[in-house]
Amino acid sequence: MSHPKFVVVGHPNKGKSSIVSTLSLDDSVAISNRPGTTTKARSFKLQKGDKIFYELVDTPGFQRPRKVLKILQEENPSAKERPQKVKEFLDKYCDSDEFRDECELLRPIMDGGGIIYVVDASKPYSPEFESEMEILRYCAKPSIAILNYISEDDYTKEWEEVLGQYFRIIKPFNPLKATFTEHIDLLEALRHAAPMWDSELKDAIKLLKEYRDEQKREIANIITNAIIEILSYKISKSSHLFINEEKLKDEFKEHIKDIENRMFKQIKECLNFKNSNFNIDKRDFDVELFSKESKEIFGLSEDKLTLISTLSSATAGGLIDLSVGGHSFFLGTIIGGAIGYIGAKYGYNELAKIKFLSNNTVQIGPIEDINFGFIILNRAIEYANRLLNRTHAIRYDNETIAINDNSSIKELKKLSSIHKKFREKKYSEDDIQNYKEIILNLLK
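Quick note on this note's numbering: the sequence shown kicks off at -11 and runs consecutively.
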């Protein structure tokens, strides 16, 4: 086989499909609490372009393991003969409805796949699982056992005592909570379980890490482009027409919302969330972009804005004039700081001005509120971090938002300065790269 292939098997409703979804970064895997959702073996490949990192096969759960084992044991085969007995069982019963599920899960194993056996370690061990493990031992393929935790109880110790008799490697892994690091750790365990794919899995781990970094860079690019477009956006209309200021403001805001929604969609697709419809709490991203709540959650506090503006203005107005012994430094600081303070107080409430231009046009934009760039940035970072730390097995989301207003003053001043250049479209390539680097540092 040109790439690693693992068949995920176990009792019904123990999290097999969730593990396939998480490891394959694929949210199209059918997941349900209802037994029997998976009725056919289905393959999911994690790949980039033509390069396949590895393949996972989602399977139905065991239904009649004791009967199957009894058939396999009829002639008391030796260890050498057992894999052949499994093949004979498949040949005999592959067209039978009696052992349809067992045939579906055993066939890809006997075609060369390794075994990932999944149990729910939040439930007590029961002897009924021994028939399943014995059947898998008959297959004589590389194998690993995964301890999933569907509820909060923990029966790890008793499961490990039994699983250790059948599997060389036992690994806890919760597909709904697993971090990227835990994903990599599980792939390392599979390397040890299936030494014939050691080189391929080692390459897969390296490529997956590179792919993750590439995704983050693309997210930084998506966010930067959206913020430039939002902060510099303007609407111009002929002043010969009747202008309804409120409608013009609403049109301006709706377009900004559209840009942000497009950004969210691009981030979602960048991270391979193509089928998930997030049910996000009203306290989260359903917060109206232009509401007071959005400013309180995602923007900077008025005090912090004032501090940034005052420090920035003081720096701009504080050039020391050596010819007068430095006295102008103090005066420039006071004047510049006062202007910055007034600007911060004003900008915290004013989004954009409507201007009547000399060429018989009316214009709204670009954004005047110095807080607004931080609102958009924080919403984007929060959204991206939420998805970066979300597995593809989760089918709903009701988390509470985490506030992200802990950047250093130096970084905030730098961001504020770049935001101003974005608004005026006077930014350089260095400004864009610096902005992307700040975003990368905020992505966790």
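Glycine included, each C-beta is placed from N, C-alpha and C at the ideal position.
Predicted model, so just to flag it, every value in this text is computed and none were measured.
*asked:* For Lys145 and Glu217, I'd like the C-alpha separation in whole angstroms.
replied: 56 Å
Worksheet item: Tell me, which residues are paired with Asp46 by DSSP?
Response: Val(-4) and Arg30
Quiz prompt | Outcome for Ser131 when other beta-carbon atoms lying within 10 angstroms are tallied against a minimum of 16 | solution = buried
message: Rounded to whole angstroms, what is the Cα-Cα separation between Leu195 and Ile247?
response: 32 Å
Could you check how far apart the C-beta atoms of Leu236 and Ile352 are, in whole angstroms? I think they sit under 8 Å. 5 Å
- Near Ile97, which residues of its chain fall below 7 Å by C-beta distance, leaving aside the five closest residues on each side in sequence? Val(-5), Ile103, Cys127 and Lys129
- Message: Please classify His(-1) as buried or exposed, where buried requires at least 16 other C-beta atoms within 10 Å of its C-beta.
- Response: buried
**OP:** Go to Lys343, then tell me how far its beta strand (DSSP E) extends in each direction, as first and last residue.
**Re:** Ile342 to Phe344
Leaving out the 5 sequence neighbours to the left and right, which residues in its chain are closer than 7 Å to Phe360 when beta-carbon positions are compared?
-> Leu339
- Simplified DSSP state of Ala372, which is helix, strand or coil: helix
*Start and end residues, alpha helix (DSSP H) containing Ile132*: Here Ile132 belongs to no alpha helix (DSSP H); instead the beta strand (DSSP E) covers Ser131 to Asn136.
Q. In its own chain, which residues sit with a C-beta less than 7 Å from the C-beta of His180, not counting the 5 before and 5 after it?
A. Ile157
Can you confirm whether the segment 374 to 385 touches the segment 10 to 18 when touching is taken to mean that 3 or more C-beta pairs between the two stretches lie within less than 8 Å? yes
* Asked: Hey, is the segment 47 to 56 in contact with the segment 414 to 426, meaning 3+ C-beta pairs nearer than 8 Å?
  -> no
inquiry  = Let me make sure I understand the geometry here. Which of Arg125, Leu365, Lys39 and Glu140 has the alpha-carbon closest to that of Lys68?
reply    = Checked all of Arg125, Leu365, Lys39 and Glu140; the closest Cα to Lys68 is Arg125.
- Query: Arg160 and Leu135 look like a contact to me (Cβ under 8 Å); what is the Cβ gap, rounded to whole Å?
  - Reply: The question names Arg, but residue 160 is Pro in the sequence shown. Contact between Pro160 and Leu135 is confirmed by a C-beta separation of about 4 Å, below the 8 Å threshold.
In angstroms with no decimal places, state the Cα-to-Cα distance between Arg205 and Val150.
45 Å
For Lys433, the three-state DSSP class (helix, strand or coil):
Past the boundaries of the shown model lies residue 433; the chain is included only from -11 to 432, so the question cannot be answered.
Q. Quick one: is Met251 buried, meaning 16 or more other Cβ sit within 10 Å of its Cβ, or exposed?
A. buried
Identity of the residues DSSP links to Val107 by a beta bridge:
Leu135
Q: Indicate the three-state DSSP secondary structure (helix, strand or coil) for Gln61 in the structure shown.
A: coil
* **Beta-carbon proximity of Lys4 to Gly101, cut-off 8 Å** => no
**Q.** Tyr113 vs Ile255 beta-carbon contact at 8 Å
**A.** Against a cut-off of 8 Å, the Cβ pair of Ile255 and Tyr113 comes out as no contact.
Starting from the Cα of Trp185, find the closest Cα among Ile427, Ser(-10), Glu170 and Lys409 and give me that residue.
-> Ser(-10)
* Would you mind stating whether Ala182 and Leu428 have Cβ atoms separated by less than 8 Å? => no
(message) Quick check on this structure: which residue in Leu403, Lys36, Ile123 and Lys343 has the alpha carbon closest to the alpha carbon of Lys58?
(response) Ile123
By the 10 Å Cβ neighbour count, where 16 or more other Cβ atoms means buried, how is Asn366 classified, buried or exposed?
Asn366 is buried by the Cβ-count criterion.
Next item on the list: List the DSSP bridge partners of Ile223.
Entry: Ile352
- Is it true that the CB of Gln203 sits closer than 8 Å to the CB of Leu164? Judged by beta-carbon spacing, Gln203 lies beyond the 8 Å limit of Leu164, meaning their Cβ atoms are not closer than that value.
Check your understanding: Run through DSSP, which three-state label would Phe87 get?
Key -> coil
Exercise for review: With a 10 Å radius around its C-beta and 16 neighbouring C-beta atoms as the bar for buried, classify Phe77 as buried or exposed.
Suggested key: Residue environment for Phe77: buried (at least 16 other C-beta atoms within 10 angstroms of its C-beta).
Element boundaries [alpha helix (DSSP H), containing Pro71]
Arg70 to Tyr81
Practice problem: From the DSSP output, read off the bridge partner residues of Pro160. | Solution: Leu135
With Trp185 as the anchor, note down where its alpha helix (DSSP H) starts and where it stops. Run containing Trp185: none; DSSP gives neither H nor E here.
When the Cα of Phe261 is compared with those of Leu375, Tyr221, Asp83 and Lys343, which residue comes out closest?
Leu375
Next on the checklist: Taking the straight line between their C-alpha atoms, what separation do you get for Ser220 and Glu425?
Outcome noted: Their Cα atoms are separated by approximately 21 Å.
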